[in-house]
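Peer 1: Following this message is one structure expressed as structure tokens.
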Amino acid sequence: MGFIVIFLGILALIALIAVFYVVGQYNSLVALRNRFKNAFAQIDVQLKRRYDLIPNLVETAKGYLKHERETLEAVIAARNVASNANTKAAQNPGDATAMKALGGAESALAGTLGRLFAVSEAYPDLKANQEMMQLMEELTSTENKVSFARQAYNDSVMVYNTARETFPTNIIANTFNFTAAESFVIDKPEEKEAPKVQF
Amino acid sequence: MDFFQRQETARKHTRLLEVYFALAVASIVVMVYAVVVICLAYYQHHMAMRHFGFEETDLAGLVWNPKLFVLVAAGTILFIFCGSAFKTMQLSGGGSVVAEMLGGRPVDANTSDPDERKLLNVVEEMAIASGTPVPHVYVLEEERGINAFAAGHSTSDMVVCATRGCLKSLTRDELQGVIGHEFSHILNGDMRLNLRLMGLVFGILCLALFGRLLMSLRGSSSRDRSPFPAIGILLLAVGSIGVFFAKLIKSAISRQREFLADASAVQFTRNPEGLACALKKVGGRGSRLEDPNAEDASHLFFANGMAESFAGMFSTHPPLEERIRALEPNWDGKFIAPDFREEDEADARRRQAFAPPVMEPGRPVRAPGLGDLLGGRAMGPAMMPMTAAAAGVLLSAGAPTQRHLDYAADLRNNLPPALQAAAREPMSAVALVYALLLGKVDALRTSQLEQLQKQAAPGITDEITRLLPEVMNLDSRARLPLAALAMTALRRLSEPQYDEFSKNIDYIIQSDQQLELFEYALQKIVLRQLEPNFRPAKRTVVQYYVLKPLVPACGVLLSALAYAGQTEAAAIENAFRQGALKLNLPDLQLSAPADCTLPKIDLALGDLNQGAPQIKKLLLYACAETVAADGVIKEEEAELLRAIADTLDCPIPPMVSL
Chain A
583 MGFIVIFLGI LALIALIAVF YVVGQYNSLV ALRNRFKNAF AQIDVQLKRR
633 YDLIPNLVET AKGYLKHERE TLEAVIAARN VASNANTKAA QNPGDATAMK
683 ALGGAESALA GTLGRLFAVS EAYPDLKANQ EMMQLMEELT STENKVSFAR
733 QAYNDSVMVY NTARETFPTN IIANTFNFTA AESFVIDKPE EKEAPKVQF
Chain B
59 MDFFQRQETA RKHTRLLEVY FALAVASIVV MVYAVVVICL AYYQHHMAMR
109 HFGFEETDLA GLVWNPKLFV LVAAGTILFI FCGSAFKTMQ LSGGGSVVAE
159 MLGGRPVDAN TSDPDERKLL NVVEEMAIAS GTPVPHVYVL EEERGINAFA
209 AGHSTSDMVV CATRGCLKSL TRDELQGVIG HEFSHILNGD MRLNLRLMGL
259 VFGILCLALF GRLLMSLRGS SSRDRSPFPA IGILLLAVGS IGVFFAKLIK
309 SAISRQREFL ADASAVQFTR NPEGLACALK KVGGRGSRLE DPNAEDASHL
359 FFANGMAESF AGMFSTHPPL EERIRALEPN WDGKFIAPDF REEDEADARR
409 RQAFAPPVME PGRPVRAPGL GDLLGGRAMG PAMMPMTAAA AGVLLSAGAP
459 TQRHLDYAAD LRNNLPPALQ AAAREPMSAV ALVYALLLGK VDALRTSQLE
509 QLQKQAAPGI TDEITRLLPE VMNLDSRARL PLAALAMTAL RRLSEPQYDE
559 FSKNIDYIIQ SDQQLELFEY ALQKIVLRQL EPNFRPAKRT VVQYYVLKPL
609 VPACGVLLSA LAYAGQTEAA AIENAFRQGA LKLNLPDLQL SAPADCTLPK
659 IDLALGDLNQ GAPQIKKLLL YACAETVAAD GVIKEEEAEL LRAIADTLDC
709 PIPPMVSL
């Protein structure tokens, strides 16, 4: 009789510990997932600010760069593509296709912006324009903030992915469908840095 | 009642809670035993006795079997203990664990949602006014009822969380009342009690869950005579009785804390209408929570989160009518149905999405002249006569008043907008803290910046250079509040970024090779508040109940304060003596300056933090006495005192008294 009670007790304890473990791991996965999703919100804020700045920049530059319509249009087009990609990524941060699309669009945008800045080198009036200088300054600062927020996001994605892949948490992750998150990489290394212009 | 007394009451309640809990566990053990005996009796009736080793059907022996009782008691207690330990461990992550459990989403420091902005501003003002760090702010996006809660173990891991319904339906004054209520839970020491309660009660709840689990085993095992389902049903019954007890405990303790929190909220805001209106709106709209986990945390909330049951016996909050009448004795009994614009809400969100962050218009300032003070005319109120000031500092510990709140609002509104914006954005916030710490001498600053260029994230130095001119012009009393505002953004750093941040702060402080108390205070406040976000929280355990072992530490602290406030040897000695007398230690010797270096002070504060609350109280009085010895509290001294108080977990409001 005592045996049955002991047996029951041990069974109960094991079951209890197992349940607690699963619940605990599940909760920590949810917390980690929330963390990287929230980290993306930081990037989102800065990217949006940048997308708002670019039309102003182009508008200001238009008056001076009469013969560079193509460059300006390319910037606007790249900005629109990136903005759309960002909206998609913000709906589901960490989703592989959305993040890759955003990374591609961002590096394309950085490329066109770089070209715009290179072109504007030839126009001293534009370089001296007060508004232009201010916009450039703000753009660079935003660019820095994006890369800072991107680092925070990628760090938390890495923590989440590591937790997701480690045994035995990976069993729980697979059972409850915690998919791998994609980090935010801007493709070409030479364009990764903020477009720098020497006035 | 002062801050320390209220904390003491909270501690008494915790002890009461433990007694209740022990009683509940004891009765559960008895009941589980009864269940087991009934099962066995049933078995013996049906099956051969030899299966169980009983030689005779002795009813008395069956009913009272000490061996069996010990086994059952040990099993049950172990079970409940495991459950409680699990939950307590889970909750040791602090308030954010609770908020995330309920589906909360952290509010961005640079949010563009006007409602969230309003909430953040109200919380920031309240934090500056009460001298606590700005807590983590969460929103329960899916909840439409009007409710809010605060959770955490100490001021450094606390969380304030409001439902979306709360943000949508309440005006600023009402929201301030609600947040004031939550802050008084923080300052009254209720948060720790509440988390403790959650942990303990969960163990009891586990019993019911386990019963349910056993019941479900019926399907899998053979139909004949398996004892599991029967035991399961009975365990479930016992578990439910356990839950009954648990709820009773929870509500009994929670209900009386609510009245106190309401009263303190009115004391903070001096605006009973705000809180009363908020309560009326709760009556009109409801405060029910949808999340299934809300039950667990129901006692944390501003208003009842669960449906009323059993004539309020289990309700964790006093009836709304009573609470409103306590604030507004001649209330006509009518609730307010708030207008809640579901339709425009989505529209507004969409419109806001592309708008720059909203700066809330400054609210009218009731206390005159404070804005001027910040503008540079740092005179008058900064100076305080000594004893009155020393007493005033301590009386206001943990009890901000409307004056403090106005001061805080005023202070915030008068901060340069660029710095305010910087405090809201993680990277700029990092740069801002660096800028606050940089040396005053140009050469030193240049070399510090060069070094930061190497070891900080790219772009940080540009940001520092951008912020530096404004930071240099900043009134010294706005510096710590500004750092406090930056806290919300700094919590968004990733772990490697935080490591880099704390390393760089260390570097900047070390690089000028001199003891500067402001730097130390800032480092202490910023890192101490951020630490629990990135590392598992260490809980401070009271180790000293008498002053004696702490005397050397007190000496170091008072000496350091005396050196900070005075320059002449006689004045230093005098200031130190004042503090020592307050401690009833007339023989205490002034330490040599070499013994008051930062690491020494740090060690002393670490020791003192392990003292009992009454010791901390006495010590803070002594510190205030030392600081006020010459009849003048300089801003630097005041902020340093505040940093010490903060390290000792006794938030004191900014010194605007007199």
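So the protein sequences, as listed, match chains A and B. Heads up, the first sequence is in my numbering, so the first residue is 583 and it goes up one at a time. Heads up, the second sequence is in my numbering, so the first residue is 59 and it goes up one at a time. Glycine included, C-beta positions come from ideal geometry on N, C-alpha and C.
How would you list, in chain order, the residues of chain A whose beta-carbon sits under 8 Å from the beta-carbon of Q148 of chain B?
Peer 2: G606 and N609
Peer 1: What separation, rounded to the nearest whole angstrom, lies between the Cα atoms of I566 of chain B and S486 of chain B?
Peer 2: 17 Å
Peer 1: Please name the residue, chosen from B:L699, B:R175 and B:G261, that lies closest to A297 of chain B on a Cα-to-Cα basis.
Peer 2: Looking at the sequence itself, residue 297 of chain B is Gly, so the reference to Ala does not match. Of the listed residues, the one whose Cα sits closest to G297 of chain B is B:G261.
Peer 1: Kindly indicate which three-state DSSP category P164 of chain B falls into: helix, strand or coil?
Peer 2: strand
Peer 1: Would you mind reading off the limits of the beta strand (DSSP E) that contains L198 of chain B?
Peer 2: H194 to L198
Peer 1: With distances taken Cα to Cα, identify the nearest neighbour of F302 of chain B among B:C264, B:F326 and B:A336.
Peer 2: Cα-wise, what sits closest to F302 of chain B is B:C264.
Peer 1: Could you work out which residues of chain A lie near R222 of chain B, taking near to mean beta carbons separated by less than 8 Å?
Peer 2: In chain A, no part has a C-beta under 8 Å from the C-beta of R222 of chain B; the shortest such distance is about 16 Å.
Peer 1: Between F592 of chain B and E558 of chain B, which are expected to be in contact by the criterion C-beta below 8 Å, what is the C-beta distance as a whole number of angstroms?
Peer 2: The beta-carbon separation of F592 of chain B and E558 of chain B, rounded to 12 Å, does not stay under the 8 Å limit for a contact.
Peer 1: Counting only beta-carbon separations shorter than 9 Å, does Y735 of chain A have a partner in chain B?
Peer 2: Interface criterion met: the Cβ of Y735 of chain A is under 9 Å from a Cβ in chain B.
Peer 1: Short of 7 Å in beta carbon distance, which residues of its chain neighbour T67 of chain B, apart from the five on each side in sequence? Order them along the chain.
Peer 2: none
Peer 1: Determine whether the Cβ of A643 of chain A lies closer than 9 Å to any Cβ atom of chain B.
Peer 2: no
Peer 1: I'd like to check one pair, G223 of chain B with V324 of chain B: are the Cβ atoms closer than 9 Å?
Peer 2: Cβ atoms of V324 of chain B and G223 of chain B: not closer than 9 Å.
Peer 1: CB-CB under 7 Å to L502 of chain B, same chain, minus the five flanking residues each way: which ones, in chain order?
Peer 2: D570
Peer 1: What's the C-alpha gap between A611 of chain B and V192 of chain B?
Peer 2: 29 Å
Peer 1: Assuming A157 of chain B contacts Y196 of chain B under a Cβ cut-off of 8 Å, what Cβ separation, rounded to an integer in Å, is found between them?
Peer 2: 4 Å
Peer 1: Is A395 of chain B close to the ligand MN? I mean its beta-carbon at under 8 Å from any heavy atom of the ligand.
Peer 2: As for the ligand MN, it is missing from this structure, which has no ligand bound.
Peer 1: When you compare only the Cα positions, how much space is there between A493 of chain B and R586 of chain B?
Peer 2: 19 Å
Peer 1: Can you give the Cα-Cα distance for V739 of chain A and V605 of chain A, rounded to whole angstroms?
Peer 2: 21 Å
Peer 1: Thinking just about the alpha-carbon of each residue, which of B:V165, B:A618 and B:Q636 is nearest to the one in A650 of chain B?
Peer 2: B:A618
Peer 1: Is the beta carbon of L643 of chain B less than 9 Å from the beta carbon of L605 of chain B?
Peer 2: yes
Peer 1: Does the beta-carbon distance from K582 of chain B to T705 of chain B come in below 9 Å?
Peer 2: yes
Peer 1: Can you give me the C-alpha to C-alpha distance between S765 of chain A and N756 of chain A, rounded to a whole angstrom?
Peer 2: 20 Å
Peer 1: Show which residues of chain B have a CB atom less than 9 Å away from the CB atom of K727 of chain A.
Peer 2: E483, P484, M485, S486, G517 and E521
Peer 1: Measure the alpha-carbon distance for L496 of chain B versus K709 of chain A and round it to whole angstroms.
Peer 2: 33 Å
Peer 1: Specify the secondary structure class of F766 of chain A as computed by DSSP and reduced to three states.
Peer 2: coil
Peer 1: Which residues in chain B sit within 9 Å of V627 of chain A, going by Cβ to Cβ distance?
Peer 2: D166, N168, T169, S170, P415 and E483
Peer 1: By alpha-carbon positions, which one of B:L615, B:V130 and B:L639 ends up nearest to A701 of chain B?
Peer 2: The shortest C-alpha separation from A701 of chain B is found at B:L615.
Peer 1: Using a Cβ-Cβ cut-off of 6 Å (strictly less than) and excluding sequence neighbours within five positions of Y91 of chain B, which residues of its own chain qualify?
Peer 2: F127 and V130
Peer 1: My assumption, with CB atoms under 8 Å, is that K608 of chain B sits in contact with L663 of chain B. Please give the rounded CB distance.
Peer 2: Looking at the sequence provided, one finds Leu at residue 608 of chain B rather than Lys. Rounded, the Cβ-Cβ distance is 11 Å, inconsistent with contact.
Peer 1: Where does I768 of chain A land, buried or exposed, given buried means 16+ other C-beta within 10 angstroms?
Peer 2: Answer is buried; the Cβ neighbour count reaches 16.
Peer 1: Helix or strand or just coil, what does DSSP make of T759 of chain B?
Peer 2: For chain B, the structure presents residues 59 to 716; residue 759 of chain B sits outside this window and is missing.
Peer 1: Which residues of chain A have a Cβ atom closer than 8 Å to the Cβ of P527 of chain B, listed in chain order?
Peer 2: Result: empty, since nearest Cβ-Cβ is about 15 Å, beyond 8 Å.
Peer 1: Ignore the nearest five residues each way along the sequence and tell me which others in E688 of chain A's own chain have a CB closer than 7 Å to its CB.
Peer 2: A664 and I768
Peer 1: Where does G141 of chain B fall in DSSP's three states?
Peer 2: G141 of chain B carries a helical assignment under DSSP once its states are collapsed to helix, strand and coil.
Peer 1: Can you check whether the CB of L385 of chain B is closer than 9 Å to the CB of L333 of chain B?
Peer 2: yes
Peer 1: For A304 of chain B, which option in B:H243, B:R346, B:L347 and B:A355 has the closest C-alpha, if you only look at C-alpha atoms?
Peer 2: Among B:H243, B:R346, B:L347 and B:A355, the Cα nearest to that of A304 of chain B is on B:A355.
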